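Under numbering that gives the first Met the number 0, think of the first position of the sequence shown as 0, with each following residue one higher. By construction, the Cβ of each residue, glycine as well, lies at the ideal position given by its N, Cα and C atoms. On a predicted model such as this, the values are computed, not experimentally measured, just so you know. The structure appears below as structure tokens.
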Amino acid sequence: MLGLLPAPLTRRRSGSMRAGFGPAALRDRTLHARMQRAGFRHCVIALPGGGRIGAWVGGSGPALLLLGGFGADALWQWHAVAPSLSRQHRMIVPDLLWFGHSHGGAWQPTLESQVEAMTALLDAFVPAGRRIDVAGISYGGMVAWAMAALHPQRVDRLVLMGTPGDVFERDDLDALCARFAVDHPGELLLPRDIDGMRTLLRVGYHQPPSVPGFILRDVHRLHYSTYIAEKRALIDDLLRRLAATVPSIDPSRHEALLLWGRHDAIFPLEIGQRLQARIGVGARLSIIENAAHAPPLERPREVVAAMQRFLSP
């Protein structure tokens, strides 16, 4: 059974008595207040097997699910665009399993688990039989793609940001690792220290902000120090799929907007062009200038405008 649990508005981190203090926690509270002023509320949904999903819900209109990538929680990734989008959409903005307020309990750390958890979340907020639009960035885009492939009756249009769908190949992985001088993507996506955090800033932003080391250390503690084994397993699960069949969407059932930062170094623009060709006439490729792997943070106005044009009735 799914259940709605009380959702605290201060972040709690297992084993951390300092979670409510420091610059990262202050930023957390500021973003919470911003979302509440925009009419959002935070909910926690219980899953079978001891799991739970934290999600922000607000706005009115057709439902739109926003799925974040590896990194901080959904609030930190989507706060710059969710309030604007909520003027035309009923927004559901969850933390994926093992990120933010969500964890999988006894669930296995796989793409299928993420899909089933997000489908269960829809059961709590979207009337049965209604298809919804889904947007995802990076890993969240992979979850969105798999949702459309495995549950096409639940997903209508897709907005995929810097995410490869089913066109990512072994050569792409080798090139990614070579660009960042790593042997495994986890070395990049799961930073261990301040140097790793600075690398993530350079990956996410075309023009990275200057952030003092003590703030990076605090952000790492609050957002990047939990569920490391499960997150590593999620990456390994994706890598195993390079040698196996990847769930694929039916292009005749799903229109797709592909939003790509011009300077994305994780999944370069060529991959977006390849994905557009794979989907065919139902796909539109929109390039966000002066952006890298995190356009919703670096160019939120452009992202909102592109999404509103695509999702308008």
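Expressed to the nearest angstrom, what Euclidean distance is found between the alpha-carbon atoms of A23 and A73?
-> Here residue 23 refers to the residue found at position 24 when the sequence shown is read from its first residue. Here residue 73 refers to the residue found at position 74 when the sequence shown is read from its first residue. Each residue's Cα considered, the two are about 15 Å apart.
Can you check the segment 148–191 for any beta strand (DSSP E) of at least 3 residues that lies completely inside it and give the ranges in chain order?
-> 154–160
Taking Cβ to Cβ, would you say G53 is nearer than 8 Å to A105?
-> Your numbering for residue 53 matches position 54 in the sequence shown. Your numbering for residue 105 matches position 106 in the sequence shown. No, Cβ-Cβ distance for G53 and A105 is not below 8 Å.
Of the choices G140, L65, A71 and D173, whose alpha-carbon is the least far from that of D225?
-> Position 226 of the sequence shown, counted from the start, is the residue given in the question as residue 225. Looking at the sequence itself, residue 225 is Thr, so the reference to Asp does not match. Of the candidates G140, L65, A71 and D173, the one whose C-alpha sits nearest the C-alpha of T225 is A71.
State yes or no: is the C-beta of E254 within less than 8 Å of the C-beta of R156?
-> In the sequence shown, counting from the first residue as 1, residue 254 sits at position 255. In the sequence shown, counting from the first residue as 1, residue 156 sits at position 157. Against a cut-off of 8 Å, the Cβ pair of R156 and E254 comes out as a contact.
Other residues of its chain near L96: CB distance less than 7 Å, five sequence neighbours each side excluded = Walking along the sequence shown from the start, residue 96 turns up at place 97. For L96, where only same-chain residues beyond five positions count, the Cβ hits under 7 Å are G50, H102, G103, W106, S112, Q113 and A116.
At least 3 beta-carbon pairs within less than 8 Å: the segment 275–290 vs the segment 178–191 = no
Can you list, in chain order, the residues of its chain whose CB lies under 6 Å from that of A81, leaving out five sequence neighbours each side?
-> In the sequence shown, the residue the question calls residue 81 occupies position 82. Counting only Cβ-Cβ distances below 6 Å, and skipping sequence neighbours, we find M90 and V92.
Any idea if P211 is buried or exposed, counting beta-carbon neighbours within 10 angstroms, 16 or more meaning buried?
-> Taking the first residue of the sequence shown as 1, we reach residue 211 at position 212. Per the 10 Å Cβ criterion, exposed.
Compute the distance between the beta-carbons of R261 and L268, then report whether it is under 8 Å.
-> Along the sequence shown, one-based indexing puts residue 261 at 262. Along the sequence shown, one-based indexing puts residue 268 at 269. Yes, these two residues count as a Cβ contact at 8 Å.
Could you pull out every residue in the same chain whose Cβ sits closer than 6 Å to the Cβ of F98, ignoring the five residues on either side in sequence?
-> Within the sequence shown, residue 98 is the residue found at index 99, counting from 1. Cβ within range, chain order: D72.
Residues near L241 in its chain [Cβ-Cβ closer than 8 Å; skip 5 each side] = Sequence index remark: in the sequence shown, residue 241 carries index 242 (1-based). Answer for L241: F167, E168, R169 and L172, listed in chain order.
Distance between G279 and P190 (C-alpha atoms, nearest Å) = The residue you call residue 190 lines up with position 191 of the sequence shown. The residue you call residue 279 lines up with position 280 of the sequence shown. Roughly 36 Å separates the two Cα atoms.
Does the count of Cβ pairs from the segment 196–212 and the segment 299–306 closer than 8 Å reach three?
-> no
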